[in-house]
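All remarks here apply to the structure that follows.
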Amino acid sequence: MTSMHRGGIAVVGAAETTGIGVRPEMSVLGLHAEAARNALADAGLTAADVDGVATAGPLAMEVSHHLGIEPRWLDGTLVGGCSFMLHVRHAAAAIAAGAADVVLVTHGESGRSRVGVAPWAPDPASASGQFETVYGAQAPYSTFTLPALRFLHERGMTREHLAQVVVAQRSWALNNPRAFRRKPVTVEEVLAGPPIAYPFTRDMCCVVTDGGGALVLTSAERAKDLPSGDRAVYLLGSGEAAEGPLVSQMADPGSFAAFRRAGEEAFRTAGITHADVDHFMAYDAFAHVPLYMLEDLGFVGRGESGDFVAEGNTVKGGSLPMNTNGGGLSYTHTGMYGMFAIQEAVRQLRGEAVEQVQDVDVSFVQGVGMFFAAAGSLVLSRHRG
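Residues in the sequence shown are numbered from 744 upward in steps of one, following the numbering used here.
Laid out in structure tokens, this is it:
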């Protein structure tokens, strides 16, 4: 019987849209389709081989119909930027259960050009509309300020530690031609940048871009017979969790319970320890989020994340290479970044990354949904385990 973990499920196709950054000629659905075609070509498959579709944003049947797919399994889970980590987990469960044979996970957003994007309007009847939006917490940068300040205060850390995260991420993007921000930057320059919402300056906030990506998953047994079989990446473990939709109602604004629970399940189901992880993709919509992840996932102790980054552990030659594409702070961020984190993990495991880390065998991918609302964790490997 096929297991959803321990290498039973393989990613056999992975690709981003042909271009990312500024794509005013392409609609949201067009970005989904371009990414899907690229991923299917990477897998050596066609739309006719797909019987499962997962996506967030458009309805799954909108994407499947546009691509000419007649699915027998659909997943429209939408929990913010980590939706795609959950899609991979759900697809693995579906394939293991026999509910689908080949699953296509797609993403596309016109975050910068806003082509084909439905207008956003706050819902005054929602919990956030009643208890947060009315007080001015309407955007990520203003919603994240309180927990970020709480995190820094409790640990005796400063805004310099946030700036160090930016500098570390930028170092990975300098030679990446697809990265949106490629200019070298110093801690002093980050701190002196245009203020957005205290404690954040501009470079502490993610870029805003257009683009997308897609993944093709199937069983490890079927993967062996595909043209892409020798480049397959295997799912060792996964986890998902949620705390609540309101940042103001977090049990502890300085630590995210969903990171802890999803991460623990991912490590447990994969049967690995932190020492087994060679590469880490930490969803970095804002500079403080990777610091939470490093601590909540147990890679470092409480209060140690800032110095861990400042000491060079996450850059080239460091003990835990992190966000090696430049991350959401420098590479790309269309609105939901999770797909791009998975894509870079796959590239590293295949040995195809622009800034390739040597001997990557296990990559841990951590996503966050909304503003500390949901979390998704994946453990991927180039070996079946």
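Ideal Cβ positions, reconstructed from N, Cα and C, are used throughout, including at glycine.
Just so you know, these numbers come straight off a predicted model, no measurement behind them.
Rounding to the nearest angstrom, what Cα-Cα distance links residue i and residue j in this structure?
| i | j | result |
| --- | --- | --- |
| Gly-1170 | Val-822 | This structure gives no information on residue 1170, because the portion of the chain shown stretches from 744 to 1128. |
| Leu-829 | Gly-899 | 34 angstroms |
| Gly-1071 | Phe-1051 | 20 angstroms |
| Arg-1125 | Ser-746 | 17 angstroms |
| Val-858 | Ile-1015 | 43 angstroms |
| Thr-849 | Thr-961 | 15 angstroms |
| Glu-983 | Met-1024 | 16 angstroms |
| Pro-1064 | Tyr-878 | 39 angstroms |
| Ala-891 | Ala-994 | 15 angstroms |
| Leu-772 | Ala-1005 | 30 angstroms |
| Pro-1033 | Leu-978 | 22 angstroms |
| His-808 | Glu-1038 | 42 angstroms |
| Gln-873 | Ala-864 | 14 angstroms |
| Arg-1090 | Phe-894 | 32 angstroms |
| Gly-824 | His-833 | 16 angstroms |
| Ala-784 | Gly-751 | 22 angstroms |
| Cys-948 | Leu-889 | 15 angstroms |
| Gly-1060 | Asp-866 | 47 angstroms |
Is residue i near residue j, with beta carbons less than 8 angstroms apart?
| i | j | result |
| --- | --- | --- |
| Phe-1205 | Ala-1118 | The structure shown has nothing for residue 1205, since the chain only spans 744 to 1128. |
| Ser-914 | Gly-1112 | no |
| Leu-958 | Val-831 | yes |
| Pro-814 | Val-796 | yes |
| Leu-1121 | Val-1108 | yes |
| Gly-686 | Gly-1110 | The structure shown does not extend to residue 686, since the chain is modelled only from 744 through 1128, so no value can be given for it. |
| Ala-1084 | Val-755 | no |
| Val-933 | His-1076 | no |
| Glu-897 | Gly-997 | yes |
| Gly-956 | Ala-786 | no |
| Tyr-1074 | Phe-923 | yes |
| Phe-1029 | Pro-883 | yes |
| Ala-963 | Arg-1127 | yes |
| Asp-818 | Ala-835 | no |
| Thr-820 | Ala-799 | yes |
| Ala-778 | Gly-851 | yes |
How should residue i be labelled, buried or exposed, when 16 other C-beta atoms within 10 angstroms of its C-beta is the threshold for buried?
| i | result |
| --- | --- |
| His-1031 | buried |
| His-775 | buried |
| Arg-974 | buried |
| Tyr-941 | exposed |
| Thr-789 | exposed |
| Asn-919 | buried |
| Ser-1062 | exposed |
| Leu-847 | buried |
| Thr-761 | exposed |
| Gly-1094 | exposed |
| Pro-862 | exposed |
| Gln-992 | exposed |
| Ala-868 | exposed |
| Val-811 | The identity of residue 811 in the sequence shown is Gly, whereas the question assumes Val. Exposed, by the Cβ-count rule. |
| Glu-1054 | exposed |
Which residues in the same chain have their Cβ closer than 6 angstroms to the Cβ of residue i, if we skip the five residues on either side of it in sequence?
| i | result |
| --- | --- |
| Thr-886 | Ala-880, Val-990 and Phe-1114 |
| Thr-1012 | His-748 and Gly-980 |
| Asp-1021 | Val-1103, Asp-1104 and Val-1105 |
| Glu-1008 | Gly-982 |
| Ser-1048 | Leu-1034, Leu-1037 and Glu-1038 |
Return helix, strand or coil for residue i, following the three-state DSSP convention.
| i | result |
| --- | --- |
| Asp-973 | helix |
| His-1017 | helix |
| Met-1082 | helix |
| Ile-939 | strand |
| Thr-1057 | coil |
| Ala-1118 | strand |
| Val-755 | strand |
| Leu-905 | helix |
| Phe-1029 | strand |
| Trp-816 | strand |
| Ser-807 | helix |
| Glu-852 | strand |
| Gln-1091 | helix |
| Asp-844 | coil |
| Met-1024 | strand |
| Met-993 | coil |
| Leu-821 | coil |
| Met-828 | helix |
Taking 8 angstroms as the limit between beta carbons, can you name the residues of its chain near residue i, skipping five residues before and five after?
| i | result |
| --- | --- |
| Ala-985 | Val-822, Ala-1001, Gly-1112, Ala-1116, Ala-1117 and Ala-1118 |
| Val-765 | Arg-855, Ser-856, Thr-952 and Asp-953 |
| Ala-870 | Pro-988 and Leu-989 |
| Ser-770 | Ser-853, Val-858 and Gly-859 |
Grab me the residues of residue i's own chain with a C-beta within less than 7 angstroms of its C-beta, minus the 5 sequence neighbours each way, in chain order.
| i | result |
| --- | --- |
| Val-930 | Glu-903, Ala-906, Gln-907 and Val-910 |
| Gly-936 | Thr-944, Arg-945 and Asp-946 |
| Leu-917 | Arg-925 and Pro-927 |
| Glu-1087 | Met-1024, Thr-1067, Asn-1068 and Ala-1096 |
| Val-845 | Leu-788, Asp-792, Val-793, Asp-794, Gly-795, Val-959 and Thr-961 |
| His-1017 | Gly-1041 and Phe-1042 |
| Pro-970 | Gly-787 |
| Ala-837 | Gly-795, Trp-816, Ala-843 and Val-846 |
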